[in-house]
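Counting from 1, position 127 in the sequence shown corresponds to residue 129 in my numbering; the numbering is continuous, with no gaps.
Built from N, CA and C at the ideal position, the CB exists for glycine as well.
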Amino acid sequence: MIVLDTHIWVWWVHGTSDLTNSQRQVLTENEDTGLGVSAISCWEIAKLVERGRLVLPCAIDDWFQQALAYPGVTLLPLTPGIAIESTRLPGTFHRDPADQIIVATARLHTCALLTADHRIIDYPHVNTPV
3 MIVLDTHIWV
13 WWVHGTSDLT
23 NSQRQVLTEN
33 EDTGLGVSAI
43 SCWEIAKLVE
53 RGRLVLPCAI
63 DDWFQQALAY
73 PGVTLLPLTP
83 GIAIESTRLP
93 GTFHRDPADQ
103 IIVATARLHT
113 CALLTADHRI
123 IDYPHVNTPV
């Protein structure tokens, strides 16, 4: 399984050109083994829609139903262990709580994290494949 950062999940569902060929390849290669989406990503998307920073092609309820049904997608719950891990990330990590939870989710599931966020890519305590 690989964990998807929120923007990667949105770009994939929307089929945008924001995804690199390498990112598309990782998505395709992991459809069979699983594409994990943190529950916090659902909250992030809802907040982006609420603030007008993301426009979805349909009602948000319908979008989530469709996006969570994509091949290989598994919704990963926010557990107490993930919440605790997000506050104990080793080294220095930025203060965005959603990113902390997504990184903690990948770490506790011992999975790579697919992201385009250089603040996460540059963080040495999480595996980012591209």
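Go through its chain and collect everything with a Cβ distance to residue i's Cβ below 8 angstroms, but skip five positions before and after it.
i	result
residue 119	7, 9 and 101
residue 45	100
residue 16	59
Could you give the DSSP three-state label for residue i: helix, strand or coil?
i	result
residue 117	coil
residue 133	Absent from the model: residue 133. The displayed extent of the chain is 3 to 132, so no value can be given.
residue 6	strand
residue 56	coil
residue 39	strand
residue 78	strand
residue 66	helix
residue 91	coil
residue 61	coil
residue 131	coil
residue 73	coil
residue 101	helix
Write down the C-beta distance between residue i and residue j rounded to the nearest angstrom, noting that I regard them as a contact closer than 8 angstroms.
i	j	result
residue 69	residue 13	The pair is not a contact, with the Cβ atoms about 11 angstroms apart (cut-off 8 angstroms).
residue 33	residue 74	4 angstroms
residue 87	residue 109	6 angstroms
residue 39	residue 4	Wrong, their Cβ atoms sit about 10 angstroms apart, outside the cutoff.
residue 91	residue 41	That pair is no contact at about 18 angstroms.
Excluding five sequence neighbours on each side, which residues of the same chain lie with their C-beta closer than 7 angstroms to the C-beta of residue i?
i	result
residue 117	7, 10, 123 and 130
residue 51	58 and 62
residue 128	105, 108, 109, 115 and 122
residue 103	40, 42, 80, 84 and 88
residue 31	none
Take residue i and list the residues in its own chain whose beta-carbon comes closer than 6 angstroms to its own, dropping the five residues that flank it on each side.
i	result
residue 24	132
residue 96	121
residue 125	95
Can you have a look at residue i and say buried or exposed, based on whether 16 or more other CB atoms are within 10 angstroms of its CB?
i	result
residue 107	buried
residue 37	buried
residue 1	Outside the displayed span of the chain (3 to 132) sits residue 1, for which this structure offers no information.
residue 113	buried
residue 19	exposed
ask   = In the segment 9-34, which residue ranges form an unbroken alpha helix (DSSP H) of at least 4 residues, counting only runs that do not cross its ends?
value = The alpha helix (DSSP H) runs of length 4 or more contained entirely in the segment 9-34 are, from start to end of the chain, 23-32.
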